[in-house]
Every structure is written in C-alpha cells, then in structure tokens.
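Student:
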C-alpha cells in the first residue's frame, strides 16, 4: 500500500466510493497520528459509507484520540440526524448524543441537540428515552434552565401537564446556589 499524503487522505475521505480505499486512508491517518477533526469530518460526510461503517470509523477515532471523542460523537450524531433512513437516523443520533454526553456530561449541547431531533409524528427517538436523557443532563450541567424548558415542552407533548409545569417552575428557579467550600468565619 502506497503512503498517502495528508491531501490524498483528505481527497479519499471526501470523494472515494470504495470502502477499502477509504479504510486504507483512515488507517494511514491513524498511523500518522493525524488528529485534526476537520479531516475526519470529510470522512463522516462521505455518502458512500453506510451507518455501520461510519460508526466503525467514529468509534475507532474516539478510541485512538480520546481528546476528539466528544467532537467525533457530536459530529456523527449530527450526520445521522440529517441523513439515512428516517427510522434509523434519529435513534443513531440519540445514541451518539448520549456518547458525547458521557464524555462531557457538563456540556448542555448533546442534551439540547438530542431534544431538537425529536420527530413527534413518528415518536422517534422515543419520547421516554429523550426525557430520561434530558433528566440526566439536568443533574450534570451547571445551568440546567434550558434543559428544564425542553423537558417542560416534551412533557407537554406527552400530555403530562403536571410534569410540564414542574419543569417550567424549575427553569424559573434557576440554578441552586453553590455550596460554600469555605468554613464559616468567626
């Protein structure tokens, strides 16, 4: 296998329709320790790759470069949100938003973006899964106001007015005051 330049790797990621060519370029990128997320975004938008192949590349990239895991998972989630079959994409998007949240649980974006991909006519991803995910987020993010507002909306969609009102109240309350790390002065 001929050694590829970074530009040749980029072109293969973007233009190749052959899995083996793309895989070889990916392996060489890893061997060269290329950790530029922009390079791999070209790979993730390659329409010749199936969802399973994208997952394979994304998981391998996150394992090889843990500092890119969050961006990799967020990018894959956004790709799945707008591509592939309607029934698969939202659940794969939610799965990758959950992986991104596992890497950086205090970041609100995975939770908010997951809520945005809800398709009410088809109930995908399942409303209960989204609600549970956002509830986890309220425990992790420093300012959960927007998550409580999204939860209020999702509960409203589900017909649970009591929980919708509860989360609206939580959003209005704002974050709890930080605990005192210092002992009281005398």
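Numbering (my numbering), first residue to last: 195 to 380.
All C-beta atoms, glycine included, are put in the ideal place defined by N, C-alpha and C.
Being a predicted model, the structure only gives us computed values, none of them experimental.
Assign residue 313 to one of three DSSP states: helix, strand, or coil.
Tutor: Translated into positions along the chain shown, residue 313 becomes position 119. Correct three-state label for residue 313: strand.
Student: So within the segment 239 to 299, which uninterrupted alpha helix (DSSP H) runs reach at least 4 residues, ignoring any that extend past its ends?
Tutor: 245 to 258, 263 to 276 and 280 to 297
Student: On the CB-based measure, 16 or more other CB atoms within 10 Å of its CB, does residue 226 come out buried or exposed?
Tutor: Walking along the chain shown from the start, residue 226 turns up at place 32. Exposed is the call here.
Student: Based on the DSSP secondary-structure assignment, which residues constitute the bridge partners of residue 318?
Tutor: For the purposes of this step, residue 318 is taken as residue 124 along the chain shown, with counting starting at 1. 313.
Student: Thinking residue 237 and residue 273 are a contact (beta carbons under 8 Å), I'd like their distance in whole angstroms, please.
Tutor: To locate residue 237, count along the chain shown from 1; it is residue 43. To locate residue 273, count along the chain shown from 1; it is residue 79. Between residue 273 and residue 237 the Cβ distance is about 10 Å, and since that is not below 8 Å, they are no contact.
Student: Within 10 Å of its beta-carbon, does residue 293 have 16 or more other beta-carbons around it, so buried, or fewer, so exposed?
Tutor: As a position in the chain shown, residue 293 is number 99, starting the count at 1. By the neighbour-count rule (16 or more Cβ atoms within 10 Å), residue 293 is buried.
Student: Between the alpha carbons of residue 243 and residue 217, how many angstroms are there, rounded?
Tutor: Residue mapping note: residue 243 aligns to position 49 of the chain shown, counting from 1. Residue mapping note: residue 217 aligns to position 23 of the chain shown, counting from 1. Cα to Cα, the separation comes out at about 10 Å.
Student: State buried or exposed for residue 361, treating a residue as buried only when at least 16 other CB atoms are found within 10 Å of its CB.
Tutor: Translated into positions along the chain shown, residue 361 becomes position 167. Flag for residue 361 reads buried.
Student: Once you ignore the five residues that flank residue 295 on each side, which residues in its own chain have a CB closer than 6 Å to its CB?
Tutor: Within the chain shown, residue 295 is the residue found at index 101, counting from 1. Cβ neighbours of residue 295 beyond the five flanking positions: 304.
Student: Considering Cα atoms alone, identify which of 290, 277 and 276 is closest to residue 250.
Tutor: Residue 250 sits at position 56 when you count from the first residue of the chain shown. Of the listed residues, the one whose Cα sits closest to residue 250 is 290.
Student: Can you tell me whether DSSP reads residue 336 as helix, strand or coil?
Tutor: For the purposes of this step, residue 336 is identified with residue 142 of the chain shown, where counting begins at 1. Residue 336 falls in the coil class under three-state DSSP.
Student: Is residue 196 helix, strand or coil when you go by DSSP?
Tutor: Your numbering for residue 196 matches position 2 in the chain shown. Correct three-state label for residue 196: coil.
Student: Using a Cβ-Cβ cut-off of 6 Å (strictly less than) and excluding sequence neighbours within five positions of residue 264, which residues of its own chain qualify?
Tutor: What you label residue 264 is simply residue 70 of the chain shown in a count that begins at 1. 294, 297 and 298, listed in sequence order.
Student: Return helix, strand or coil for residue 376, following the three-state DSSP convention.
Tutor: Locating residue 376 in the chain shown gives position 182, counting from the first residue. At residue 376, the pLDDT of 34 sits below 50, so the modelled position is not reliable; the number obtained from the coordinates is stated separately. Here residue 376 sits in coil by DSSP.
Student: Tell me whether residue 343 sits in a helix, a strand or coil according to DSSP, three-state version.
Tutor: Walking along the chain shown from the start, residue 343 turns up at place 149. Note: residue 343 maps to helix in three-state DSSP.
Student: Closer than 8 Å by C-beta to residue 277: which residues in its own chain qualify, once you throw out the five before and the five after it? Chain order, please.
Tutor: Numbered from 1 along the chain shown, position 83 holds the residue referred to as residue 277. Excluding sequence neighbours, residue 277 sits near 241 and 283.
Student: Which same chain residues, not among the five before or five after residue 231, have their C-beta less than 6 Å away from its C-beta?
Tutor: Here residue 231 corresponds to residue number 37 of the chain shown, with the count starting at 1. For residue 231, where only same-chain residues beyond five positions count, the Cβ hits under 6 Å are 262 and 265.
Student: Name the two residues that bound the continuous alpha helix (DSSP H) containing residue 358.
Tutor: Position 164 of the chain shown, counted from the first residue, corresponds to residue 358. Taken as a continuous stretch (DSSP letters only), the alpha helix (DSSP H) holding residue 358 covers 355 to 367.
Student: Note down the Cα distance separating residue 198 from residue 329, rounded to an integer number of angstroms.
Tutor: Within the chain shown, numbered from 1, the residue matching residue 198 stands at position 4. Within the chain shown, numbered from 1, the residue matching residue 329 stands at position 135. If you take the alpha carbons of residue 198 and residue 329, they lie about 46 Å apart.
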